[in-house]
Structure formats: C-alpha cells, structure tokens
Amino acid sequence: MHIAVLVTNTDNSDFAARHPRDAEKFAALIRGVRPDWSVTAYDTTEGEFPADPAAFDGLLIGGSPASVNDEAHWIGRLFDLIREAHGKAVPMVGACFGHQAIAQALGGRVGHNAGPFILGTSLTRFTARAPWMPEDAREITLAAAHGEQVTALPRGAEVLGWSDGCPIAAYRIGDRVFATQHHPEMTPEFIAALVEEFAPDLPPEVGQKARASLERPIEGRRFGEWIARFYESAASKSIAVT
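Start counting the sequence shown at 1396; every next residue gets the next number (this note's numbering).
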C-alpha cells in the first residue's frame, strides 16, 4: 500500500523545530502498524500536491493551527484535491484540520468550539461502528488540540462518535472517508510538551484541565490500526468491483 500524507501544519515556531514534523509523525503511525507500507509526504502549505490522488491507495490529511475558513490559496487547492479524490473514490483519512477540511470541502461546515479551546487528551465515545473498527470499539483516548470543529456534516456522512465539547468527534462517508477531530499521530511526550507550550496563553482552568487529562493514556497506535484496516477494506472493495 502507498499512502500520501498531506501535511497542512503551518507552525514554524521554535517549539515545532524541537519536535518531529507531522510527516514523520504520520509515517511512524502508519509504519508502526504496517511496516511494509510506503508513505510519501506533500507539504500543501508550500504548494506541494499529488498530481493524481488516484495514484495512491489512500490520502491522509493532518492537523494545522490554520483554519479551514481561512482564504489561503493552499487551502483552496486542498479542497479541490479532496473533491477530486472523493470523485475518484480514493480513500481519505482526516485528523483534526484534515477532519474539518474533508467535511467542509464536501459540503459540511466548520465553526468555533461552543466552549473553550480543547487541549490535552480527549475520550471519543462511539455511537456507531464502521466495518473496519473492531466489534468492541466503544471508546478511545487520543491527543487533542483544537479551537474549531465540524458543526455540520456533508450529505451521506455518518457520525461515529462524540467527545466532551465536540459532538462530531469522528465520522465516515461510506467506505471512502474516515475522520477524527483528534490526533492519533501525537505521542504522549509530544502532547505533554504541547500542553505546556499552550497553557500559558489559555485561561487557567483550561490549562489545569489539560494537564489533568494527561493522566489518561492515549491510544494512537490502536487508532492507527483502524486507519490501516480502513485502507485495506477500501482496497479489497475496489478489487472486487474491478
């Protein structure tokens, strides 16, 4: 399998320079569960995009401090690519900004959190199960950092789960889109460092809650397995159709 990781992170701060880049994080996530898969990264913020999304077995769109409601040229190009990929039935995974970008590009809406910035770890409780998720998939804890979220899904999408302050924490569109508002690629060490980086600029109670949430172990590798099974499921159905 060959997966294209679309990097959308615009953070060029000293903090970001001290940590692995998103391309590395997502490659580690994928290879941690499927060591033989290939990963090619494109920095969309620098104008890098696959010439043809159908050349890959799937796309994975990551997170960003940017807003999908910004008018940056690269975001418009990303939306065009999402629509092209969806039209060609290319499987797509979205995480945080990617989760929002897929929804908005396909007709949904994204807005500010109804409550405060969500930071730390977050428990997603599943109200529906996709075929690539195990039968005992009732909840999962992942890293979280977001001030916006999907407020309305595109036509044909199904909510899979919710988390505190985020009614649409995970969704799917048939067997071609699987998305989470959270961050399966973030390690415990990284989210702990991110909390300390962000906390001074947030209300004290938000920082306190974020630090307390770190006591819950995150399950990025577990979610990574679901991502792999999603791509495998889509590939098997494509072969069957062919």
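For every residue, glycine included, the Cβ atom is placed at its ideal position computed from N, Cα and C.
Nearest residue (CA-CA) to residue i, options the options
| i | options | result |
| --- | --- | --- |
| residue 1559 | 1513, 1533 and 1545 | 1513 |
| residue 1517 | 1527, 1524, 1537 and 1546 | 1537 |
| residue 1562 | 1548, 1568 and 1572 | 1548 |
| residue 1401 | 1439, 1613 and 1433 | 1439 |
| residue 1570 | 1617, 1626 and 1618 | 1626 |
| residue 1618 | 1519, 1630, 1546 and 1584 | 1519 |
| residue 1586 | 1630, 1568, 1494 and 1607 | 1607 |
| residue 1640 | 1408, 1588, 1442 and 1485 | Since the first residue shown for the chain is 1396 and the last is 1637, residue 1640 is missing from the structure and cannot be characterised. |
| residue 1556 | 1507, 1573 and 1405 | 1573 |
| residue 1609 | 1596, 1597, 1539 and 1579 | 1539 |
| residue 1422 | 1409, 1410, 1408 and 1437 | 1437 |
| residue 1568 | 1417, 1460, 1527 and 1612 | 1527 |
| residue 1524 | 1507, 1494, 1565 and 1508 | 1565 |
| residue 1542 | 1593, 1533 and 1529 | 1593 |
| residue 1612 | 1483, 1415, 1582 and 1477 | 1582 |
Residue i - containing alpha helix (DSSP H), residue span
| i | result |
| --- | --- |
| residue 1438 | Careful: residue 1438 lies outside any alpha helix (DSSP H), inside the beta strand (DSSP E) at 1433 to 1438. |
| residue 1457 | Looking at the DSSP string, residue 1457 is not in any alpha helix (DSSP H), and its letter there is neither H nor E. |
| residue 1469 | 1468 to 1482 |
| residue 1602 | 1599 to 1608 |
| residue 1524 | Counting along the chain, residue 1524 falls outside any alpha helix (DSSP H), and DSSP gives it neither H nor E. |
| residue 1591 | 1583 to 1593 |
Distance CB(residue i)-CB(residue j) smaller than 8 Å
| i | j | result |
| --- | --- | --- |
| residue 1544 | residue 1576 | yes |
| residue 1535 | residue 1489 | no |
| residue 1444 | residue 1463 | no |
| residue 1623 | residue 1429 | yes |
| residue 1474 | residue 1500 | yes |
| residue 1363 | residue 1431 | Look at the range of the chain in this structure, 1396 to 1637, and you will see that residue 1363 is not part of it. |
| residue 1615 | residue 1584 | no |
| residue 1403 | residue 1458 | yes |
| residue 1638 | residue 1546 | Coverage of the chain is limited to positions 1396 through 1637, which leaves residue 1638 absent and any answer about it impossible. |
Exposed unless 16 or more other CB atoms sit within 10 angstroms - verdict on residue i
| i | result |
| --- | --- |
| residue 1420 | buried |
| residue 1468 | exposed |
| residue 1552 | buried |
| residue 1641 | What the structure shows of the chain is the stretch from 1396 to 1637, and residue 1641 is not part of that stretch, so it cannot be assessed. |
| residue 1522 | exposed |
| residue 1446 | exposed |
| residue 1531 | exposed |
| residue 1397 | exposed |
| residue 1503 | buried |
| residue 1413 | exposed |
| residue 1481 | buried |
| residue 1636 | Residue confidence is low: residue 1636 scores 47 on pLDDT, short of 50, so the model does not pin down where it sits. Its coordinate-derived value is still stated next. The residue is exposed, with fewer than 16 neighbouring Cβ atoms inside 10 Å. |
| residue 1409 | exposed |
| residue 1435 | exposed |
| residue 1417 | buried |
| residue 1515 | buried |
| residue 1620 | buried |
| residue 1507 | exposed |
Segment limits, beta strand (DSSP E) that includes residue i
| i | result |
| --- | --- |
| residue 1495 | Where residue 1495 is concerned, there is no enclosing beta strand (DSSP E), although the alpha helix (DSSP H) it sits in stretches over 1492 to 1500. |
| residue 1520 | 1513 to 1521 |
Bridge partner(s) assigned by DSSP for residue i
| i | result |
| --- | --- |
| residue 1402 | 1438 |
| residue 1505 | 1545 |
| residue 1566 | 1554 and 1574 |
| residue 1613 | Paired residue(s): none; residue 1613 is not in a bridge. |
| residue 1534 | 1520 |
| residue 1540 | 1514 |
| residue 1488 | 1455 and 1573 |
| residue 1414 | Answer is none; residue 1414 lacks a bridge partner. |
Proximity test, residue i beta-carbon vs the ligand NAP heavy atom, cut-off 7 Å
| i | result |
| --- | --- |
| residue 1416 | Within the structure as shown, the ligand NAP is missing, as the structure has no ligands at all. |
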